[in-house]
Amino acid sequence: MSEFFAMGGYALYVWGSYGVTVLLLATEIFLLTRRSREAKT
Amino acid sequence: MRWFWYASPQTFFPLAGRIAPWCGLAAAILAAAGLYVGFFVAPTDAQQGEAYRIIFIHVPAAWMSMFLYVVMAFWAALGLAFNTRLSGMMASAIAPTGALFTFIALWTGSLWGKPTWGTWWVWDARLTSELILLFLYFGFMALHAAIEDPRRADRACAVLALVGVVNIPIIYYSVQWWNTLHQGASVSLTRAPAMAKTMLTGMLLMALAFWLYSIAVAMVRVRCIMREREAVAE
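This is the structure we're talking about:
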């Protein structure tokens, strides 16, 4: 398991990429959900 | 097909509402499959080690960044030609997601470049033109926000989008036209892909997931825009 997360020494680069991507997509979904709610009222 | 039937926000509004959840669901399933293949099925790269796994998001995000711009410019052109209200709304609905994928492509490319090239950034043709694409998206959104009347903003932004589309072939062919640090395409329609089959599968699954995600998000956003601009109902 810890070997998987170590990514052969490239953990910072691999998880830095995937982490930021997930974070940005989640932010877009969050902001859009809020905008939808506000637009409905 | 009565294309102009759907050019009215009132008729497109419920359709967009039906499309969005299915695309969102399909995107989630495809992303799960793509990540599984990308992390557990695809082998470690002989030269790049595990760092290459970044390409499973880098390449699909880069494709989307260019593709979404072309779709945005297509809607912009339709708006200018036929003066349909939906066109401008669609272009505005796509822009933020396009900018997002452009940023992701640049960010992940930088994180891939450091261990593989030894640098976060170089001013080569591919990287620079992709950065210009990000600024074009920002320019589109800023211009739209700066003009009060949304219909005028749509027209001004349509011109900007159409002028900016010249950048897309520059990005795409930059690796052939100039001597770039960025490598050439590993995947093309005309020849066999220069990578293991499982790697390609993972990448294509992620590309499909990003595709469907973009459709879902654009549909939800266009519904917001319709609600904000005029009275629409299911």
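Quick note, the sequences are listed as chains W and R, same order. Going by this note's numbering, the letters in the first sequence line up with residues 1 to 41, in that order. Going by this note's numbering, the letters in the second sequence line up with residues 1001 to 1234, in that order. Beta carbons: idealized from backbone N, C-alpha and C, even for Gly.
Outcome for residue i when other beta-carbon atoms lying within 10 angstroms are tallied against a minimum of 16
{"i": "A1073 of chain R", "result": "buried"}
{"i": "S2 of chain W", "result": "exposed"}
{"i": "A1194 of chain R", "result": "exposed"}
{"i": "G1113 of chain R", "result": "buried"}
{"i": "W1211 of chain R", "result": "buried"}
{"i": "G1213 of chain R", "result": "It should be pointed out that residue 1213 of chain R corresponds to Tyr in this sequence rather than to Gly. With 16 or more Cβ atoms within 10 Å of its Cβ, Y1213 of chain R is classed as buried."}
{"i": "S1008 of chain R", "result": "exposed"}
{"i": "T33 of chain W", "result": "exposed"}
{"i": "A1154 of chain R", "result": "Ala is not the amino acid found at residue 1154 of chain R; the sequence shown has Asp there. Buried, by the Cβ-count rule."}
{"i": "W1075 of chain R", "result": "buried"}
{"i": "V22 of chain W", "result": "exposed"}
{"i": "L1078 of chain R", "result": "buried"}
{"i": "R1053 of chain R", "result": "buried"}
{"i": "A1059 of chain R", "result": "It should be noted that the sequence gives Val, not Ala, for residue 1059 of chain R. The residue is buried, with at least 16 neighbouring Cβ atoms inside 10 Å."}
{"i": "L1030 of chain R", "result": "buried"}
Residue i versus residue j: straight-line alpha-carbon distance, rounded
{"i": "K40 of chain W", "j": "R1227 of chain R", "result": "7 Å"}
{"i": "V1217 of chain R", "j": "A1099 of chain R", "result": "13 Å"}
{"i": "A1161 of chain R", "j": "F1140 of chain R", "result": "7 Å"}
{"i": "Y10 of chain W", "j": "S1186 of chain R", "result": "22 Å"}
{"i": "Y18 of chain W", "j": "I1057 of chain R", "result": "8 Å"}
{"i": "L1131 of chain R", "j": "F1101 of chain R", "result": "12 Å"}
{"i": "Q1010 of chain R", "j": "S1110 of chain R", "result": "43 Å"}
{"i": "W1107 of chain R", "j": "S1092 of chain R", "result": "23 Å"}
{"i": "G1024 of chain R", "j": "F1103 of chain R", "result": "21 Å"}
{"i": "E1234 of chain R", "j": "R35 of chain W", "result": "18 Å"}
{"i": "I1094 of chain R", "j": "E1050 of chain R", "result": "33 Å"}
{"i": "R37 of chain W", "j": "L1086 of chain R", "result": "21 Å"}
{"i": "F1012 of chain R", "j": "V1222 of chain R", "result": "9 Å"}
{"i": "V1037 of chain R", "j": "I1147 of chain R", "result": "46 Å"}
{"i": "A1145 of chain R", "j": "M1089 of chain R", "result": "13 Å"}
{"i": "W15 of chain W", "j": "R1018 of chain R", "result": "34 Å"}
{"i": "A1231 of chain R", "j": "T27 of chain W", "result": "28 Å"}
{"i": "L25 of chain W", "j": "V1220 of chain R", "result": "14 Å"}
Sheet register partners of residue i (DSSP bridge)
{"i": "A1113 of chain R", "result": "In the sequence on display, residue 1113 of chain R carries Gly and not Ala. According to DSSP, G1113 of chain R bridges with nothing at all."}
{"i": "G8 of chain W", "result": "Bridge partners of G8 of chain W: none, in fact."}
{"i": "D1045 of chain R", "result": "R:G1049"}
Quiz item: Hey, which unbroken runs of the alpha helix (DSSP H) at 4 residues or more fall wholly within the segment 1133-1219 of chain R?
Solution: 1150-1164, 1167-1177
Exercise. Kindly confirm or deny that the segment 1199-1207 of chain R and the segment 1053-1072 of chain R touch, where touching means at least three C-beta pairs closer than 8 Å.
Key: Touching, per the Cβ criterion.
Practice problem: Could you tell me whether the segment 1131-1147 of chain R touches the segment 1165-1178 of chain R, using the rule of 3 or more Cβ pairs below 8 Å? | Solution: Verdict: yes, contact present.
Quiz item: Per the contact definition of three or more C-beta pairs closer than 8 Å, is the segment 1111-1126 of chain R in contact with the segment 1172-1188 of chain R?
Solution: Between the segment 1172-1188 of chain R and the segment 1111-1126 of chain R there are three or more inter-stretch CB-CB distances shorter than 8 Å, so the stretches are counted as touching.
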